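Just so you know, the sequences run in chain order A and B. 1 is the number of the first residue of the first sequence in the working numbering; add one for each residue after it. 1001 is the number of the first residue of the second sequence in the working numbering; add one for each residue after it. Every residue gets a Cβ at the ideal spot worked out from N, C-alpha and C, and that includes glycine. This one's a predicted model, so the numbers in the text were calculated from it and none came from an experiment. Here the structure is laid out as structure tokens; the discussion comes afterwards.
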Amino acid sequence: MSRVEWMAPAPHGSLQYRQWLAHERRARLTVRTAQLAILVVFLVLWEVLPKAQIVNPLFTSYPSALWPTFLELLKETPRQASILTHTWFTVFATIIGFSAAMALGIAIAAALWWWNDLYKVLDPYLVVANAMPKTAFVPIFYIWLGATLSIYGMSLAISLFITILVIYNGFQSIDPNKIKLAQTFGATKRQILVKVVLPGSVPTLIAALKVNAGLSLVGVVVGEFQSANLGLGYLIQYGSQIFKLNIVMTAITILALVSSLMYLAISWIEAAVMRRR
Amino acid sequence: MGSSATGGAASPKVELRKLHMRYFSLEGETEALRDISFSVAPGEFVAIIGQSGCGKSTLLSLISGILKPTAGAVLVDGKPVSGPNRNVGYMLQQDYLFEWRTILDNTVLGAEIQGADINKARVRAKELLTRYGLGQFLHHLPRQLSGGMRQRVALARTLCTEPDVVLLDEPFSALDSQTRLALADEVTEILRREGKTAILVTHDIGEAISMSERVIVLSRRPGQIKSDHAIRFASSGGRLTPFQARNAPEFNGYFNTLWQELEVHVEG
């Protein structure tokens, strides 16, 4: 299961087994190498093509230009916040967005599970709400909620409905025999929810977290396009308006890093939880 | 066990009075059980056999109180059943252990739900699990155990709440045939030793004859009582383990009788 175990040389075992292990290790190495190679090729092309004037560097910028831009943006001036402040603003709004989506999603899914008729009534509305392009509401949210709240609102709006649907489906897919088992001991509906349905849905909750963390970030960035004077979304908007693609690309690169870190954090949570199963 | 097995005239542990059960769906209604009446004496081991779909499992759900009959009544200790009853334990077809709980925490589930003293339940659970050879697995997770071990945990979970009556719904059907025979011996021995009243539902004729003292045959849907047989292995003297019973001279006679009663046809 764990990587350490995997890579450790087998202390004993037949020759064939050791050969098999070596083969598996090579296969793993090949995958890692290929993954790294794709990244390197991408960065090299991004650097070389604009410099050779094959693509216009004004449109794409290039990696070696980003570091100076980053250092430039790092400075805090009276007119311009540091890029760390922008990043934190975006990350903070994303955390608010997906925490709210998780909390509300679990609560609403539990309510739908509890009152099945409520689900039957709301089902078509939920499906439509989920399919709606929520970004259409960005200008309206700005008017309704103001600069800051509209960003949280967009983040929540984009991730909430899919979270409800994923978690509710998870609740529904709990083995009815596990519920029957609890009933043979005389379990109340509340006990079934707390002792069977919720703990049995932990893998679903993690799946929902994976989906809605990414979507919350989308919501925040889109919200920032419209209404913020802080955040990476704002920086992208600002950079493109004054035609400084270096700024845009730096902000996008940081978004890529933020996404990767979020993915790693969720994988870590998943591994920690699944070890108990 | 003598002659008490024919119905427990004095004070039956479990009594079914003119039980009817119908299921409704948009496609129509299904009559699952019709006019079922029988009683089970304290400490008696009764098997109910019938083909799939004859309402055997429904019968157990009615006795346990998680289903309500369309008509008729179930009495346990002379009192009508109106919901799940602490005196009645129910063992399902599969173990349905919760994969997120340790073996010990799975075993005390019933006590936890019933709001019983959890520390007492833990002591009893440890005792039962140790007795069933699972002492060193208390803090393991279900996925680390084999099918037979898991079903023994399920038995411990059922007995941990100290029911007088144990309902068994094809409890070995998910196991391989060797484990099945071994576990039938173990479970029968445990239930007899603890003096439990047991009602086993199965479609396995051999299992019914070898484990129980009495076999009730249900007809095809709607399930009605077709016949009621006392099982005696007089020639061997005394009670046999299920495995010994399968080798007793009377076994084949019972098997043939029940086989004919079941009117097994291969359909299609």
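Interface annotation, B:TYR1096: in contact with chain A, CB-CB separation under 8 Å.
Note on geometry: alpha-carbon atoms of B:TYR1090 and B:PHE1024 lie some 25 Å from one another.
Listed in chain order, the non-local C-beta contacts of B:LYS1018 below 6 Å within the same chain comprise ASP1035, SER1037, GLY1072, local neighbours out to five positions each way being set aside. With respect to the 8 Å criterion, A:LEU255 and A:LEU232 are classified as neighbours on the basis of their beta carbons. The three-state secondary structure of A:LYS195, taken from DSSP, is helix. Within the same chain, and ignoring the five residues on either side of A:THR135 in sequence, the residues whose Cβ sits closer than 6 Å to its Cβ are VAL222.
B:LYS1018 carries a strand assignment under DSSP once its states are collapsed to helix, strand and coil. For B:TYR1090, the chain A residues whose Cβ falls inside 7 Å of its Cβ are THR184, in order along the chain.
At least one beta carbon of chain B lies nearer than 8 Å to the beta carbon of A:ASN177. For A:LEU181, the nearest CB of chain B lies under 8 Å from its own CB, placing it at the interface with that chain. Those residues of the segment 1046 to 1075 of chain B placed with their C-beta closer than 7 Å to a C-beta in chain A are SER1064, ILE1066, ordered along the chain. Between B:GLU1044 and B:ARG1193, the gap from beta carbon to beta carbon reaches 8 Å or more. By the C-beta density criterion, B:GLU1015 is buried, having at least 16 other C-beta atoms within 10 angstroms.
In the three-state reduction of the DSSP assignment, B:ALA1071 falls in the strand class. In this structure A:VAL48 is exposed. Its beta-carbon is surrounded by fewer than 16 other beta-carbon atoms within 10 angstroms. Taking a Cβ-Cβ cut-off of 7 Å, A:PRO139 has no neighbours in chain B, whose nearest Cβ is about 45 Å from it. Judged by DSSP in its simplified three-state form, B:GLY1028 adopts strand. Looking at the DSSP output, B:GLY1223 bridges to B:LEU1033.
Of all residues in the segment 189 to 202 of chain A, only GLN191, LYS195, VAL196, PRO199, GLY200, VAL202 come within less than 8 Å of chain B when Cβ atoms are compared, listed by chain position.
Shortest Cα-Cα distance from A:SER227 to any of A:TYR263, A:ILE143, A:LYS120, A:ALA34 involves A:ILE143.
Runs of the alpha helix (DSSP H) lying entirely within the segment 1171 to 1253 of chain B, each at least 4 residues long, are 1177 to 1193, 1205 to 1211, 1242 to 1245 in chain order. Using beta-carbon distances, A:ALA103 does not count as an interface residue toward chain B, since no partner is under 8 Å.
The beta carbon of A:VAL218 is closer than 7 Å to those of ILE158 in its chain, skipping five residues each way along the sequence. Residue environment analysis places A:SER82 among the exposed positions, since fewer than 16 neighbouring C-beta atoms fall within 10 angstroms of its C-beta. Contact between the segment 1213 to 1227 of chain B and the segment 1051 to 1070 of chain B is established, with three or more Cβ pairs separated by less than 8 Å. Contact between B:ILE1199 and B:LEU1168 holds, since their C-beta atoms are separated by about 7 Å, short of 8 Å. Considered as a whole, the segment 166 to 253 of chain A harbours no complete run of any beta strand (DSSP E) with no fewer than 3 residues. Going by DSSP, B:GLY1110 is part of the alpha helix (DSSP H) stretching over 1109 to 1113.
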